[in-house]
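This report refers to the structure that appears directly beneath it.
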Amino acid sequence: MPGHVEVVCGPMFAGKTEELLRRVRRARLAGLDVEVVNHALDDRRGPGLVSSHDGVSEASRSAPDAAGVRALLTNHSPDLVAIDEAQFFGPDLVGVVDELAARGVTVVVSGLSVTFDGRPFEPLPTLMATAERVTRLTAVCAVCGGDAAFHQRVDPRPPADALTPLVEHVGGIEAYQARCRHHRDSLHPAD
Ligand code: ADP
Ligand code: MG
């Protein structure tokens, strides 16, 4: 099906990047032209690589924001574009994904659908609502081994500022654990 959107989402450690890269490799086996895009913040294994927690990786191009993704692909419509860490690109990514799909590109978008404090994390919820195909993955709960749809901070140090949780989603994975709904700490009690 040319020109459509596939979403791979869930909490940290769910295997989102593994699944994204599995689809990239399948597409390359099929002889398709594939472009992998990552956010410039994700330099866990050096810039220019999308990598999973288990060390599976693929070369990628980096963009600092949604406009940067559009700019990377202005003169080029690959068969498949795989975008990891979509949550870092913000709500403007939705329009860029729509444009690419309208040009006939298969767009596979992977990212966190939930924040570290259990809230919906745009643009994934919007992309999930409008994609042709959604793969919702869970991780293994660090307490009971059950299905974890959430992740939370276990680092007792408070985040320094509003951006810190975003950056630590990339840089401080030791500060987070996957948790099922029964073992996540009580969340935003002020709501
Ligand atoms: P994501 O991109 O969703 O953060 P990755 O694809 O990078 O996840 O990594 C998934 C891998 O992480 C799993 O195959 C597993 O080996 C490892 N892993 C580490 N902790 C967990 C956990 N709590 N639940 C599931 N997988 C985990
Ligand atoms: Mg990942």
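If you're matching positions, the sequence shown starts at 12 in our numbering and goes up one per residue. Using N, Cα and C, we set each Cβ at its ideal position, and we do this for glycine too. Here the structure is a predicted model, which is why all the values come from computation and not from measurement.
Q) Can you list every residue whose CB sits closer than 5 Å to some heavy atom of ligand 1, going in chain order? A) Selection output, chain order preserved: 23, 24, 25, 26, 27, 28, 29, 63, 64, 65, 150, 151 and 189.
Q: Compute the distance between the beta-carbons of residue 101 and residue 133, then report whether it is under 9 Å.
A: Translated into positions along the sequence shown, residue 101 becomes position 90. Translated into positions along the sequence shown, residue 133 becomes position 122. Taking 9 Å as the Cβ cut-off, residue 101 and residue 133 qualify as a contacting pair.
Q) So what does DSSP say about residue 126, is it helix, strand or coil? A) Indexing the sequence shown from 1 puts residue 126 at position 115. Shown here, residue 126 sits in coil according to DSSP, grouped into three states, outside any helix or strand.
Q) In chain order, what residues of the same chain lie with their CB nearer than 6 Å to the CB of residue 81, ignoring the 5 residues before and after it? A) Your numbering for residue 81 matches position 70 in the sequence shown. Its chain contains 107 as the residues whose beta carbon lies nearer than 6 Å to that of residue 81, once the 5 sequence neighbours on both sides are disregarded; these appear in chain order.
**Q.** the stretch 81 to 96 in contact with the stretch 33 to 43 per 3-pair CB rule at 8 Å
**A.** Touching, per the Cβ criterion.
**Q.** residue 96: CB within 8 Å of a non-hydrogen atom of ligand 2
**A.** Indexing the sequence shown from 1 puts residue 96 at position 85. Distances from the CB of residue 96 to the heavy atoms of ligand 2 include at least one below 8 Å.
Q. CB of residue 124 to nearest heavy atom of ligand 2: below 8 Å?
A. Against the sequence shown, residue 124 aligns to sequence position 113. Every heavy atom of ligand 2 is 8 Å or more from the Cβ of residue 124, so no.
Q. Beta-carbon separation of residue 21 and residue 160 under 9 Å?
A. Here residue 21 refers to the residue found at position 10 when the sequence shown is read from its first residue. Here residue 160 refers to the residue found at position 149 when the sequence shown is read from its first residue. In this structure, residue 21 places its C-beta atom within 9 Å of the C-beta atom of residue 160.
Q: Please confirm whether any heavy atom of ligand 2 lies closer than 8 Å to the CB of residue 71.
A: Along the sequence shown, read from residue 1 onward, the residue named residue 71 stands at position 60. No.
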